[in-house]
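The structure under discussion appears below in the form of C-alpha cells.
In the working numbering, the protein residues as written are 217 to 496.
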C-alpha cells in the first residue's frame, strides 16, 4: 500500500508541476516573445498553444527524471532505431485508418468530395501543430507516468492507468458523451499496448499522428478539437447510427468494435511475447 501511495504521489506531483509550468510558460511567451506573432492566424495560434504545452511537458518530465527519480535512470525515448520506429508507427496509423475507411466503403456509409478538396499553405502549420500535440499528449501520459507505474507497480497497471488518464484528458474536449469517451479510452489502451509491445514511444506518437491526419485533418471523419480545417469533405449516408455520432467516428459503434477487437489481438500478442521471453 505504501509503495502504491508513493507512486501515486509522484504521478500527482508530475501533473501539478506540469499545470504550473503551462501557466508560467504561457505568460512568459505571451508577454515577451510572441505578442505580435501569435495573432496572425488560427494556425499560428494553435501552434503557439501546442508549443507551450509541449515545453511544459518536457520541463516537468526532466524535473521528475533528473531530480525526483534520478536514481532510477528512467529512459523514455530510444533513438537507436528511430527510422524503424517511424515506419512502424506510420504502418500502424495508416493501417488503422485504411481499415476503417474500407469498412465504411463496404457498407456504403460514406462518400468523399475529392474534386473540391482544399489544400493551402497554412495547412502545413496545422500539420506541425498536430504533430506537436501528439508528442505532448503521449509524453504527458506515456512518458514519465507510464514508466514509473511500470517500474514500481506492473506493466498491466501502467497500461490501464495511462488509458484512463488519456480518457480523462479528452473529457475536456468531448464532454461526457459515453460512447465517445469509451472509444477514446479503448484507443488509449491500444496506444499503451503498442508501447508495451514495441517499446517505442515514438512509434505510438507517429501512429496517433498518422491516423489523425488521415481521419481528422484529411477527411473530417473524426471531429478534431479546436478549429482544425478539413481537406476533403465527407458525407454520411447509410448506417449513420452505426458509424457516426456527435464527434464523427469517435462517437460510433464501429470504432468500439474495431478498438475492442484490436485490444484482444494486442493482448494475445503480448501474452505470446511474454511466453517467448520466459522460455529464453
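Ideal Cβ placement from N, Cα and C applies to all residues, glycine included. In this text, all values refer to a predicted model and were calculated from it rather than measured experimentally.
Suppose you measure from the CA of residue 366 to the CA of residue 296; what does that come to, to the nearest Å? Approximately 22 angstroms, taken between the alpha carbons.
Check each candidate in 485, 424, 317, 293 and name the one with the smallest Cα separation from residue 415.
-> Of the candidates 485, 424, 317, 293, the one whose C-alpha sits nearest the C-alpha of residue 415 is 293.
message: Which residue marks the beginning of the beta strand (DSSP E) containing residue 328, and which one marks its end?
response: 326 to 328 is the span of the beta strand (DSSP E), which, as asked, contains residue 328.
Once DSSP output is grouped into helix, strand and coil, what is the label at residue 464?
Looking at residue 464 - three-state DSSP - the assignment turns out to be strand.
From the DSSP output, read off the bridge partner residues of residue 281.
Answer by DSSP bridge pairing: none, since residue 281 is not bridged.
Specify the secondary structure class of residue 240 as computed by DSSP and reduced to three states. Residue state, collapsed to three classes: helix.
- Assigned exposure category for residue 232 - 16 Cβ within 10 Å defines buried: Exposed, since its Cβ has fewer than 16 Cβ neighbours within 10 Å.
query = With C-beta atoms as the reference, is residue 263 less than 7 angstroms away from residue 374?
reply = Taking 7 angstroms as the Cβ cut-off, residue 263 and residue 374 do not qualify as a contacting pair.
Excluding five sequence neighbours on each side, which residues of the same chain lie with their C-beta closer than 7 angstroms to the C-beta of residue 238? So the qualifying residues of the chain are 268, 269, 272.
Query raised in the report: Which partner residues of residue 452 appear in the DSSP bridge assignment?
Result: The partner list for residue 452 (beta bridge, DSSP) reads 326.
>> For residue 274 and residue 281, which I take to be in contact (beta-carbon distance under 8 angstroms), what is that distance rounded to the nearest angstrom?
In response: With 8 angstroms as the limit, residue 274 and residue 281 do not qualify as a contact, their Cβ atoms being about 11 angstroms apart.
Practice task
Taking the CB atoms as reference points, tell me whether residue 309 and residue 426 lie closer together than 7 angstroms.
Solution key: By the CB criterion at 7 angstroms, residue 309 and residue 426 fall inside the cutoff.
Report the rounded CA-to-CA distance for residue 473 versus residue 402, giving the unit in angstroms. Cα to Cα, the separation comes out at about 10 angstroms.
Item to check | Euclidean distance between Cα positions of residue 428 and residue 477 | outcome: Roughly 20 angstroms between the two C-alpha positions.
Open item on the list: Taking the alpha helix (DSSP H) that residue 409 belongs to, which residues open and close that run?
Closed with: That run of the alpha helix (DSSP H) goes 394 to 414.
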